[in-house]
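Residue numbers (this note's numbering): 28 to 224. Here the structure is laid out as structure tokens; the discussion comes afterwards.
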Amino acid sequence: MERGAKKPGTQLMAQETIFIGFGSNLGDRQELCDRAVALMNLLPLSQVTGVSSYYETEPVDPEGRLGESWFYNGVVRLETSLSPTRLLDILQETERGLGRNDTDRHGPRTIDFDILLFGQQQIDQPGLTVPHPRLHQRRFVLEPLVELDPAFRHPTLHRSMRELLEALQDLSRVNKLDIKPGSKYRSRPACSVPPLS
Ligand code: AMP
28 MERGAKKPGT
38 QLMAQETIFI
48 GFGSNLGDRQ
58 ELCDRAVALM
68 NLLPLSQVTG
78 VSSYYETEPV
88 DPEGRLGESW
98 FYNGVVRLET
108 SLSPTRLLDI
118 LQETERGLGR
128 NDTDRHGPRT
138 IDFDILLFGQ
148 QQIDQPGLTV
158 PHPRLHQRRF
168 VLEPLVELDP
178 AFRHPTLHRS
188 MRELLEALQD
198 LSRVNKLDIK
208 PGSKYRSRPA
218 CSVPPLS
């Protein structure tokens with residue numbers, strides 16, 4: 028390698044404002060969302076700048092594969108220098124770590140992450156489409172997005188999150204919860220070291 032050249036994969040990306048949606052409808056939903064938020068705070072090259080409230084939401088699933096249990100959903104905003112594909116890899120690894128069943132990806136899920144928006148980037152490659160193609164059709168995504176950043180503009184629809192919510196047809200039920208997001212992991216470490224004997 029030439030002197031001064033960077034090792035492959037180590038080039039710094041420009042920092043972007045991004046939004047990640049998360050949801051859980053299997054197991055202890057609050058606990059799983061708290062863990063998800065705590066793990067977003069540990070992402071490399073990233074800084075969490077906002078966490079929405081949690082919302083309890085009716086499953087949106089005409090084929091009924093998600094089961095009847097309602098979801099807990101929310102959205103996290105970050106500043107990141109991770110690439111979109113690196114971020115997706117980490118999120119999928121985190122889904123597995125939180126017990127997501129890879130063999131039934133359409134069924135009830137302990138945790139699901141979606142990259143909703145990645146700055147103003149438009150990405151269309153196998154396994155990754157950004158902006159998320161159903162973002163503007165889902166109340167459980169738009170309500171937390173509007174709570175976090177109502178003026179953020181959708182890069183292809185050229186409307187703000189608030190305008191998209193106002194135009195929304197989705198009538199599924201979405202109830203904002205009076206719970207502090209991530210509260211379980213703010214006051215104590217996720218694991219503690221036993222005292223020396
Ligand atoms: P699900 O977990 O059911 O939401 O779907 C995950 C699948 O969608 C994975 O195979 C991803 O590669 C793919 N995918 C495409 N675009 C996105 C995105 N913007 N965020 C997360 N997963 C995505």
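Where a beta carbon is used, it is the ideal one built from N, C-alpha and C, also for glycine.
* Can you tell me which of 99, 84 and 54 puts its alpha carbon nearest to the alpha carbon of residue 208? => By one-based count along the sequence shown, residue 208 stands at place 181. For residue 208, the nearest C-alpha among the options comes from 99.
* Asked: For residue 222, does the count of other Cβ atoms within 10 angstroms reach 16, so buried, or fall short, so exposed?
  -> Taking the sequence shown and counting its residues from 1, one reaches residue 222 at position 195. With a pLDDT of 49 at residue 222, under the threshold of 50, the modelled position of that residue is not reliable, and the figure given next carries that caveat. Exposed, because fewer than 16 other Cβ atoms sit within 10 Å of the Cβ of residue 222.
* Beta-carbon proximity list for residue 86, same chain, < 6 Å, skipping 5 on both sides -> If you number the sequence shown from 1, residue 86 lands on position 59. So the qualifying residues of the chain are 93.
* **residue 13 - partner residues in DSSP beta bridges** => There is simply no residue 13 to check, as the chain begins at 28 and stops at 224 in what is shown.
* What first and last residue would you give for the beta strand (DSSP E) that runs through residue 201? -> The sequence position of residue 201 within the sequence shown is 174, counting from 1. Start and end: 201-203.
* To do: Could you spell out where the beta strand (DSSP E) holding residue 77 opens and where it closes?
  => Taking the sequence shown and counting its residues from 1, one reaches residue 77 at position 50. Here the beta strand (DSSP E) through residue 77 covers 73-78.
* Asked: Going straight from the alpha carbon of residue 158 to that of residue 182, what length do you get?
  -> Translated into the one-based positions of the sequence shown, residue 158 becomes position 131. Translated into the one-based positions of the sequence shown, residue 182 becomes position 155. Cα to Cα, the separation comes out at about 8 Å.
* Take every Cβ of the segment 142-160, pair it with every Cβ of the segment 124-134, and state whether three or more of those distances are shorter than 8 Å. => no
* Could you check which residue in 46, 196, 77 and 125 has the C-alpha nearest to that of residue 231? => The chain is shown only over 28 to 224; residue 231 falls outside these bounds and no answer can be derived.
* Quick one: is residue 210 buried, meaning 16 or more other Cβ sit within 10 Å of its Cβ, or exposed? -> By 1-based counting over the sequence shown, the position of residue 210 is 183. So residue 210 ends up on the exposed side.
* Asked: Just the Cα atoms here: how many angstroms apart are residue 168 and residue 145?
  -> Taking the first residue of the sequence shown as position 1, residue 168 is located at position 141. Taking the first residue of the sequence shown as position 1, residue 145 is located at position 118. Approximately 15 Å, taken between the alpha carbons.
* **Alpha-carbon spacing of residue 58 relative to residue 65, whole angstroms** => Numbered from 1 along the sequence shown, position 31 holds the residue referred to as residue 58. Numbered from 1 along the sequence shown, position 38 holds the residue referred to as residue 65. About 10 Å.
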